[in-house]
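**Student:** In the UniProt record's numbering, the protein residues as written are 1 to 462.
Provided herewith is a single structure, encoded as structure tokens, for subsequent inquiry.
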């Protein structure tokens, strides 16, 4: 199969140009703003950017239905939100295979959240989207093997047949956001070849996956999250391999996320961050990516500028075959060559981000602005996974501190005391920080590595 010359089915007209893609939760105002952002694609997210309360899940489906019918609107005081004449093409990301939807049971068993999200979107909107000149388009998260892609392909065929929709109408971009999937990109594209809309470099979950899969290996310990960038050798290897694999198979290669949120009160912080976004998107365009992700409408113009400079009037660069790229298994696993270091501040940042995000998630907010970044479940997962690694292997920070459970708990105490002072006693008592601590300690300091923090956290949601 790898040596064959097969390619995926051609992209439909509205998916030929995907140079800028914006992502966000299935919240009504954010969906309208994203659809109006000027990006070519908007991915509405039921997964990492959504806290799956029953209200959020059901209202998200209503919002998707209204968006596809172009009736989505919102009135907040004197502010009115409506769709512009020209809007982004809509993709939907259902939840991953590891999650359940506890509010719907079949024979007493909770259904797969993946099938719940996909099924409702497809049933209510598949035909409608096609009738409007687009299609039922999806992003598929957390895949670890081609066998999971095969299941998705079976689901697509079943749904299309039952709804009387032509096979191949569903298109799906797979997020390569696990280390195992990086070894099976050809196979994943092959399984979905009639429904494939390419691959995406899901950088944050990819880092989490590396920490999780090699949590017990002392040679695979990651440095501070800030030191793991897209130019880190093992990250560079997987993104270059993604571009080469996709273009050989006639599939789009979409670059990773820029999660920065402009800070209106601090021009210097914003200018420095924007310069990094420019450099990041310039590198992706130069590497051969056909498009890229941003988390905020203000970043769309930056991403477009860098991709316009490379693409010009072309919709993509599928012809950029990258014969210069020769990635080996050792390259994909070269974590030891990452450089960087573990620092006291890195420990504190992981604790701070993990607790703040879980507090938001338990409050029904899946995409939380933390320290000028739009954080979702993936970054919280990195935070706790790194702490588990560091404690497990008794890592010593650059300052000489041994990272153990007592040290992490002390930092948790200090961070929660700071939040209490910041919020005041009454607001802190009304928050979910204490519950966040229970979950965070269980997943960061437990004896065994828990695969996903959202699984135990979900039990606490209504």
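Ideal Cβ positions, reconstructed from N, Cα and C, are used throughout, including at glycine.
Can you list, in chain order, the residues of its chain whose CB lies under 7 Å from that of residue 117, leaving out five sequence neighbours each side?
**Tutor:** Within the chain shown, numbered from 1, the residue matching residue 117 stands at position 117. Closer than 7 Å at the Cβ level, and outside the excluded window around residue 117, lie 46, 94, 95.
**Student:** Going by beta carbon distance, what residues of the same chain come within less than 6 Å of residue 310, once the five residues before and after it are set aside?
**Tutor:** The residue given as residue 310 occupies position 310 in the chain shown. Excluding sequence neighbours, residue 310 sits near 285.
**Student:** Is residue 153 helix, strand or coil when you go by DSSP?
**Tutor:** Against the chain shown, residue 153 aligns to sequence position 153. Three-state DSSP puts residue 153 in a helix.
**Student:** So within the region 10 to 88, which uninterrupted alpha helix (DSSP H) runs reach at least 4 residues, ignoring any that extend past its ends?
**Tutor:** Listed in chain order, the complete alpha helix (DSSP H) runs (minimum 4 residues) inside the region 10 to 88 are 28 to 35, 54 to 68.
**Student:** Quick one: measure Cβ to Cβ for residue 137 and residue 175, integer angstroms, because I've assumed they're closer than 8 Å.
**Tutor:** The residue given as residue 137 occupies position 137 in the chain shown. The residue given as residue 175 occupies position 175 in the chain shown. Going by Cβ atoms, the distance from residue 137 to residue 175 rounds to 14 Å, so no, they are not a contact pair.
**Student:** Would you say the region 222 to 240 touches the region 189 to 198, given that touching needs at least three Cβ pairs under 8 Å?
**Tutor:** As far as the Cβ criterion goes, the region 222 to 240 does not touch the region 189 to 198, which means the pair count is below three.
**Student:** Please classify residue 173: does DSSP put it in a helix, a strand, or coil?
**Tutor:** Your numbering for residue 173 matches position 173 in the chain shown. Strand.
**Student:** Using DSSP with H/G/I as helix, E/B as strand and the rest coil, what is residue 263?
**Tutor:** Here residue 263 refers to the residue found at position 263 of the chain shown. Coil at residue 263, not helix or strand.
**Student:** Do the region 142 to 149 and the region 85 to 92 meet, that is, are 3 or more Cβ pairs less than 8 Å apart?
**Tutor:** With the cut-off at 8 Å, the region 142 to 149 and the region 85 to 92 do not touch.
**Student:** Use the C-beta contact count for residue 152: other C-beta atoms within 10 angstroms, 16 or more gives buried, fewer gives exposed.
**Tutor:** Against the chain shown, residue 152 aligns to sequence position 152. Buried.
**Student:** Using 8 Å for Cβ pairs, my map puts residue 232 next to residue 197. What's the rounded Cβ distance?
**Tutor:** Working through the chain shown from its first residue, we reach residue 232 at position 232. Working through the chain shown from its first residue, we reach residue 197 at position 197. Incorrect: roughly 27 Å between the Cβ atoms, too far for contact.
**Student:** For residue 208, which residues in the same chain have their Cβ closer than 7 Å to its Cβ, ignoring the five residues on either side in sequence?
**Tutor:** Residue numbering aside, residue 208 sits at position 208 when the chain shown is read from its first letter. So the list reads 378, 381, 382, 385, once near-sequence residues are dropped.
**Student:** Should residue 39 and residue 27 be called a contact, given that it needs their Cβ atoms to be closer than 8 Å?
**Tutor:** Looking up residue 39 in the chain shown gives position 39. Looking up residue 27 in the chain shown gives position 27. Not in contact: residue 39 and residue 27 (Cβ atoms no closer than 8 Å).
**Student:** Hey, out of 402, 413, 357, whose CA is closest to residue 48's CA?
**Tutor:** Counted from its first residue, the chain shown places residue 48 at position 48. Nearest C-alpha to residue 48: 357.
**Student:** Would the beta-carbon of residue 15 fall within 8 Å of that of residue 171?
**Tutor:** On the chain shown, residue 15 is found 15 positions in, with the first residue counted as 1. On the chain shown, residue 171 is found 171 positions in, with the first residue counted as 1. Yes, these two residues count as a Cβ contact at 8 Å.
**Student:** Would you give the residue range spanned by the alpha helix (DSSP H) that residue 258 belongs to?
**Tutor:** Position 258 of the chain shown, counted from the start, is the residue given in the question as residue 258. Where residue 258 is concerned, there is no enclosing alpha helix (DSSP H), although the beta strand (DSSP E) it sits in stretches over 253 to 258.
**Student:** What does DSSP give as the partner residue(s) for residue 222 in the beta ladder?
**Tutor:** Indexing the chain shown from 1 puts residue 222 at position 222. Answer is none; residue 222 lacks a bridge partner.
**Student:** What would DSSP say about residue 215, mapped onto helix, strand or coil?
**Tutor:** On the chain shown, residue 215 is found 215 positions in, with the first residue counted as 1. In this structure, residue 215 counts as coil in the three-state DSSP scheme.
**Student:** In whole angstroms, what separates the C-alpha of residue 110 from that of residue 100?
**Tutor:** Against the chain shown, residue 110 aligns to sequence position 110. Against the chain shown, residue 100 aligns to sequence position 100. Rounded to whole angstroms, residue 110 to residue 100 spans 6 Å at the Cα level.
**Student:** Candidates 355, 333, 199, 347: which alpha carbon is nearest residue 419's?
**Tutor:** As a first step, residue 419 is located in the chain shown; it is residue number 419 there, counting from the start. That would be 355, whose Cα lies nearest to the Cα of residue 419.
**Student:** Could you give the first and the last residue of the continuous beta strand (DSSP E) run that contains residue 196?
**Tutor:** Your numbering for residue 196 matches position 196 in the chain shown. Taken as a continuous stretch (DSSP letters only), the beta strand (DSSP E) holding residue 196 covers 196 to 201.
**Student:** Alpha carbon to alpha carbon, what distance is there between residue 399 and residue 343?
**Tutor:** As a working mapping, residue 343 is identified with position 343 in the chain shown. As a working mapping, residue 399 is identified with position 399 in the chain shown. C-alpha separation (whole angstroms): 7 Å.
**Student:** Give the DSSP-derived three-state secondary structure of residue 94 in the structure shown.
**Tutor:** Within the chain shown, numbered from 1, the residue matching residue 94 stands at position 94. In the structure shown, residue 94 sits in coil (DSSP, three-state: anything other than H, G, I, E or B).
**Student:** Beta strand (DSSP E) containing residue 100: first to last residue?
**Tutor:** Counted from its first residue, the chain shown places residue 100 at position 100. It spans 100 to 106 - the beta strand (DSSP E) in which residue 100 sits, taken as one unbroken run.
**Student:** Would the beta-carbon of residue 281 fall within 8 Å of that of residue 261?
**Tutor:** Here residue 281 is taken as the residue at index 281 of the chain shown, counted from 1. Here residue 261 is taken as the residue at index 261 of the chain shown, counted from 1. Not closer than 8 Å, so no.
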